[in-house]
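Q: One structure is given below, represented as structure tokens, and several questions about it will come after.
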Amino acid sequence: MATIKHHSPIYLWARLSEMEKVIWASAYAHAAGSASARARKADQTVRTLSALEQLREGDIGPEYDAARSNVMLDLPEFEAWYRVQLPVSRGSSAHPPSKDQCAKAYERYRRGLGDFY
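Mind the numbering: the sequence shown is residues 1 to 117 in UniProt numbering, read in order.
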């Protein structure tokens, strides 16, 4: 018989990322029922999103990492960083991005700042 290890809610909360904490709190606030039912719903929401994150396919660009890190860059700084970071993240065989590709990546980065705020 497997042993189930129970952790305190404080320990579990500390292990969540900032984004997961916001999602958990939002799910809890919008759920109906008792406090424990709302907490279970919030827990399930975070678990579901974590599972989806694991299944996500495709390569997201380094611009999302910069947004997730909440690094504030203007376009010239971003372009200089992106021209170095893209080959690092994709391997040395990656072609350097064009000015247009940098501008589009910068727009994704700027939108991403709001997602990870």
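We put the beta carbon where it would ideally sit given N, CA and C, even for glycine.
This one's a predicted model, so the numbers in the text were calculated from it and none came from an experiment.
For A80, count neighbouring Cβ atoms within 10 angstroms of its own Cβ and tell me buried if that reaches 16, exposed if not.
A: exposed
Q: Starting from the C-beta of Y106, find all residues in its chain whose C-beta is less than 6 Å away, skip the five residues before and the five after it, and write them out in chain order.
A: L75 and F78
Q: Can you tell me the Cβ-Cβ gap for W24 and A42, rounded? I've got them flagged as a contact below 8 Å.
A: 5 Å
Q: Here's the rule I'm using: 16 or more other beta-carbon atoms within 10 Å means buried, otherwise exposed. How should A67 be labelled?
A: Looking at its Cβ environment, which holds 16 or more other Cβ atoms inside 10 Å, A67 is buried.
Q: Taking just the CA atoms, how far does S69 sit from P62?
A: 11 Å
Q: Let's see if you can read the secondary structure: which residues bound the alpha helix (DSSP H) around V46?
A: A35 to L55
Q: Buried or exposed, going by whether 16 or more other CB atoms sit within 10 Å of the CB of L55?
A: Classification of L55: exposed, given that the 10 Å Cβ count is below 16.
Q: Do R15 and Y28 have their beta-carbon atoms positioned less than 7 Å apart in this structure?
A: Going by C-beta atoms, Y28 is not nearer than 7 Å to R15.
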